[in-house]
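Working notes, structure below.
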Amino acid sequence: MTARITISLEGLIGLKAKAHGFSFLPRQPIGSLLSGRHRSRLRGRGLDFEELRHYVQGDDVRAIDWKATARLRSPHIRVFSEERDRPVLLVVDQRQDMFFGSRRAMKSVVACELAALAAWKSLATGDRVGGIVFNNHSLKEIRPHRSQGRILQFLQELSLQNQMLVKPSPEPSTVTLNQALEAAQRHAKHDYLVVLISDLSGADQQTQKLATQIAAHNDMMVVAVYDPLGISLRSQPGMFASANGQRIEVSAGSGFPQAFQDAFEQLLEHWMTIFRALKIPVLPIATEEPVVDQIRQLFGQHGVTG
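Residue numbers for the sequence shown follow our numbering, beginning at 9 and rising by one.
What follows is the structure, given as structure tokens:
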């Protein structure tokens, strides 16, 4: 089975119909790719204080404000309402390292699919949605807004940068993962959900520092996009890598699969350990299975679905 090389704007728009059966809000454990399950939780939506009122029969006794009750000499409870707005910022990697695939789709395509699903789902739940889409030479910032027009602008940028990967520029790279995170930090002052969708190529100590700063005042989630070639010990028929926009068949005796696996596992294990320590959830998303199925498995079966 060959991998899908690029994705169109129409394809990303079409994912709107599949953006259900999962929610980014449940406070649930997220599984890691290489190290088993660990408990990383998202804050979810916050609560706004509405009023202090008299306790009436049927109210939850856990909501009683005992200080106010003692001061006012009668039972009072605090009433809260769930915040209805949480800005979502999707940081999507479309650098040349993402242009790789051996099953179903390139990592770059998978990143676009997941970003589109997240955008449509977030809009449906009433959140503002924006994004940062970056490749080796450009970085596009789209400010969060609650409108379908803003989603379409974001998806158009995703498709544009995705399709540029088939004709890579010979110029040296000028945009880094850290520059994308710096842009995210400028937007996400507090109470955002920041979702980084990347294979983490080029991550370093500055990446850790930026992630720490972002997560201090926001929810942050990392989606580690990987290809089965990276965790398979054997070469598989039909797999290929990309180089200068050309498909290159990988032979079983090339030694490439084992070398790639070793490098991949070391990179991902290293960063999963770091993100776990920072209490930042890491979602492993593979290229070989439909993205929506994986998202529903991670976010749908163990929590409230949307």
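Cβ coordinates follow ideal geometry from the N, Cα and C atoms, glycine included. A quick note: this is a predicted structure, and the numbers were derived from the prediction, not measured.
- LEU160 is positioned such that its CB atom lies no closer than 8 Å to that of ALA27.
- Excluding the 5 residues flanking it on each side, ASP105 has same chain C-beta neighbours closer than 7 Å at ASP207 and SER209, in chain order.
- In this structure, LEU237 is the residue among LEU237, ILE288 and PHE307 with its C-alpha nearest to the C-alpha of SER110.
- Less than 8 Å separates the beta-carbon of LEU147 from that of ALA191.
- The Cβ atoms of ILE222 and MET229 lie no closer than 8 Å to each other.
- Annotation: the region 176–238 contains the following complete segments of the beta strand (DSSP E) (minimum length 3 residues), in chain order: 201–206 and 227–234.
- For LEU160, the enclosing alpha helix (DSSP H) covers residues 156–172.
- Per DSSP, PHE142 is one residue of the beta strand (DSSP E) stretching across 137–142.
- Counted as a single uninterrupted DSSP element, the beta strand (DSSP E) harbouring LYS148 occupies residues 147–153.
- For LYS175, the closest alpha carbon among the candidates SER82, MET280, VAL233 and PHE107 is that of PHE107.
- In this structure, the beta-carbon distance from PHE162 to ILE150 falls below 8 Å.
- Looking at the DSSP output, LEU60 sits in a beta bridge with ARG86.
- Excluding residues up to 5 positions away in sequence, ASN144 and HIS145 lie with their Cβ nearer than 8 Å to the Cβ of SER177 in the same chain.
- The criterion of a C-beta distance shorter than 8 Å is satisfied by VAL299 and LEU122.
- THR295 counts as buried, since no fewer than 16 other beta carbons sit within 10 angstroms of its beta carbon.
- Beta-bridge pairing by DSSP links VAL96 to VAL137 and LEU201.
- Put simply, the backbone Cα of GLY66 is about 12 Å away from that of ILE85.
- With 16 or more neighbouring CB atoms inside 10 Å of its own CB, TRP279 falls in the buried class.
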